[in-house]
Amino acid sequence: MSTVMSLARKWRPQTFSDLVGQESVFKAITFALKAKTLPQAYLFSGDRGVGKTTVARLLAKSINCKDGPTTAPCLECSSCIEIAKGSSPDVMEIDGASNTSVDDVRSLREGIHFLPFSGRARIYIIDEVHMLSTAAFNALLKTLEEPPSHVIFIFATTEAHKVPDTIQSRCQHFRFRNLTVPEIKNQLQKICMAEALDFTPDVLNLLAQAAEGSLRDALSLTDQIRALSHGGIALEDISLFLGMAPANLERDLLDALLSGKIPETLRIAENLLAIGVDPRNLLKNLSKRTRDLLMSAVLATPLTEKPFEWMQESIPPAFLTGSRTEIFLEQMLTLLLRGEEELRRSPQPSITFLLILCRICHLKDAETLSQVLSSLRNPRAVSTKQEGAPQKPSLRQSETAGQKTEETIGTPPEHKPAPSRLDIRIPSDWKKFLREIKGLEPHDRELLEDCQVQRTDPQTITLFVSKAFFESRVREHIPLLSQSFLQREGQSVTFLTKVQSAPGGQKVPTPADQVKDHHLVKEAQTIFGAEVISVKNQSGQKENPS
Ligand SMILES: [Zn+2]
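132 is the number that our numbering gives to position 117 of the sequence shown; each next residue is one higher, with no gaps.
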């Protein structure tokens, strides 16, 4: 039986120029190497498989190479060769996970007093340093306070927050980032070409996604696929092997979610679970995809372009129609992220998974704020929804005086079939109401238009006039106003008049104040715990609450 060297080992970067991603780490280290002002302690943090140990070894080579400190170690001197083989007596690699005790650190502290055998420095690489015990950290701290000049520490950790501040403050901290899918894919492409591995771009894309930011994981998955695929292996089988949904099914699921089609969504989801796709993977992928959709919508950048680089065929058609608002995508992403957390704790992950998908489908039923406000203004309106057609504006039926009319929400009032309900506290509605009254002289109408209107309670409307002199003239029109109101709105109200306050007197409420004081608005505030930030009139102009 022949063994093949793993791709990750074979393709481990030997020089800084081979490094993929980690530009900021690369820049800072090469800067220090060029300036020859090397810190004595480094902390490398980042997820697993993103290159922390690789960079630690590169740094060791750069320091101890016969040409060092250099940004381009020769790779030929005994030091470079020994470090590459892992046999340099001057470079100690310690696994923090299995050497956690204070005794381990004590023996390390005794060792550091020896001078380097051949290199410039004795370099201690401690992996998973956060696993050390508190006592071990304390012992280490004493060493870090006054390290001998020939010693360099490189700590690596996946959980920097678990490393005590006292240690962190004595280290130069380098944060390693996860690689992007395109970065991993490009690197895989390069390596597969050199290895004469014939994988399609689809397969490479899948591997890059499954690796979750780690090039090492991507390469070890490639190893596994290579072993499987001698007799040729279908893309779907590779997806399933990786615990991922086949791309077309994932797109269909996303499309059904965006369209809010529950039966379709559940059918696809059940299918995916039946073929053995892990719901956790699925949800995580849906989150990532939805994040891309949201970003693409916000940035107005097509998904096929950078930074997304989606394949055209993996874009859900429902997204292309542009029917989904940014707010919807935000809400969908929130539900998915909460769902990931929920799924972790769930005793029945597949049921929880279906439940989360249903919640997303129901998002389309959630009324927008303007719809809620509109039905508050017109409590008799009944909202009906159209199944499966969320992109169409929903229709609202309202019965007025026994006559059934349909009006489209969102259409400005002047385009609505008359008579539409008015809120005469709103100046434009008040003017409209006055315009419709027959037999009102133009100068009388102007006088009435200048009044501030307040609906004190459902049965009373108070008209504020600016001077006592006008009040009697306004009062003359009250019978006409009451009669017109009854005819138009099918409701009888009492009109009162009041003189607008002189300075120091009672303040006349502005339309914005009236909206703020409206009992329905107050009720809505109590229910939703909301506050009124601004009030707009029907033409969209702002009315400032005083
Ligand atoms: Zn060398």
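Built from N, CA and C at the ideal position, the CB exists for glycine as well.
Considering only the alpha carbon of each residue, which of the options lies closest to residue i?
i           : options               : result
residue 79  : 529, 134 and 439      : 134
residue 343 : 225, 234, 510 and 274 : 274
residue 144 : 164, 131 and 108      : 108
residue 284 : 241, 307 and 376      : 376
residue 572 : 509, 538, 487 and 323 : Lying before the first or after the last residue shown, residue 572 is absent from the chain, which here runs from 16 to 561.
residue 50  : 70, 85, 76 and 294    : 85
residue 10  : 439, 538 and 372      : With the chain covering 16 to 561 only, the question about residue 10 has no answer from this structure.
residue 508 : 478, 533 and 55       : 478
residue 33  : 215, 57 and 88        : 88
residue 124 : 99, 100, 93 and 156   : 156
residue 182 : 456, 55 and 299       : 55
residue 475 : 512, 485, 444 and 484 : 512
residue 304 : 340, 265 and 218      : 265
residue 115 : 499, 514, 141 and 255 : 141
residue 27  : 487, 233 and 545      : 233
residue 71  : 219, 501, 45 and 239  : 45
Since residue i and residue j are thought to touch, with beta carbons under 8 Å apart, how far apart are those beta carbons, to the nearest angstrom?
i           : j           : result
residue 462 : residue 447 : Their Cβ separation, rounded to whole angstroms, is 17 Å, which puts residue 462 and residue 447 out of contact at 8 Å.
residue 202 : residue 159 : Wrong, their Cβ atoms sit about 35 Å apart, outside the cutoff.
residue 331 : residue 269 : 4 Å
residue 301 : residue 351 : 6 Å
residue 199 : residue 22  : Not a contact, Cβ separation roughly 13 Å.
residue 481 : residue 465 : 7 Å
residue 378 : residue 348 : That pair is no contact at about 11 Å.
residue 452 : residue 499 : 5 Å
Use the C-beta contact count for residue i: other C-beta atoms within 10 angstroms, 16 or more gives buried, fewer gives exposed.
i           : result
residue 313 : exposed
residue 649 : With the chain running from 16 to 561 in the structure shown, residue 649 is simply not present.
residue 83  : buried
residue 261 : buried
residue 520 : For residue 520, the pLDDT reaches just 47, beneath the cut-off of 50, and the residue's location in the model is therefore unreliable, although a value from the coordinates is still provided. Per the 10 Å Cβ criterion, exposed.
residue 263 : exposed
residue 404 : Caution is warranted here: a pLDDT of 39 is assigned to residue 404, below 50, making its placement in the model unreliable, and the coordinate value is therefore given only provisionally. The residue in question, residue 404, is exposed, as its Cβ has fewer than 16 Cβ neighbours within 10 Å.
residue 76  : buried
residue 36  : buried
Following the continuous beta strand (DSSP E) through residue i, name the residue where it begins and the one where it ends.
i           : result
residue 140 : 137-142
residue 107 : 106-110
residue 202 : Here residue 202 belongs to no beta strand (DSSP E); instead the alpha helix (DSSP H) covers 196-209.
residue 511 : 509-514
residue 319 : Taken as a continuous stretch (DSSP letters only), residue 319 belongs to no beta strand (DSSP E), as it is neither H nor E.
residue 584 : In the structure displayed, the chain extends from 16 to 561; residue 584 sits before or after that span and is not available.
residue 480 : 475-480
Can you give me the Cβ contacts of residue i inside the same chain, cut-off strictly under 8 Å, excluding the 5 residues immediately before and after it?
i           : result
residue 61  : 67, 173, 190, 191, 192 and 193
residue 295 : 355, 358, 359 and 364
residue 454 : 495
In chain order, what residues of the same chain lie with their CB nearer than 7 Å to the CB of residue i, ignoring the 5 residues before and after it?
i           : result
residue 117 : 148, 150, 151 and 154
residue 228 : 62, 65, 193 and 194
residue 20  : none
residue 225 : 236, 257 and 259
residue 132 : 104 and 105
residue 179 : 152
Could you check where the alpha helix (DSSP H) with residue i kicks off and where it finishes?
i           : result
residue 188 : That residue, residue 188, is in no alpha helix (DSSP H); its beta strand (DSSP E) goes 187-190.
residue 290 : Element bounds for residue 290: n/a, residue is neither H nor E.
residue 580 : Residue coverage of the chain in this structure runs from 16 to 561, which leaves residue 580 outside it and unanswerable.
residue 453 : It is not in any alpha helix (DSSP H) - residue 453 carries neither H nor E in the DSSP assignment.
residue 472 : Note, residue 472: premise wrong, no alpha helix (DSSP H); beta strand (DSSP E) at 467-472.
residue 248 : No alpha helix (DSSP H) contains residue 248, which DSSP labels as neither H nor E.
residue 60  : Looking at the DSSP string, residue 60 is not in any alpha helix (DSSP H); the run it does join, the beta strand (DSSP E), is 56-60.
residue 262 : 262-274
Strictly under 8 Å for the Cβ-Cβ distance: is residue i near chain D by that measure?
i          : result
residue 42 : The structure shown has no chain D; it contains just one protein chain.
Within its chain, find whatever has a CB closer than 6 Å to the CB of residue i; leave out the 5 residues flanking it on each side and keep chain order.
i           : result
residue 470 : 440 and 476
residue 167 : 55, 136 and 138
residue 267 : 283
residue 251 : 261
residue 170 : 58, 141 and 144
residue 445 : 439 and 468
residue 177 : 145
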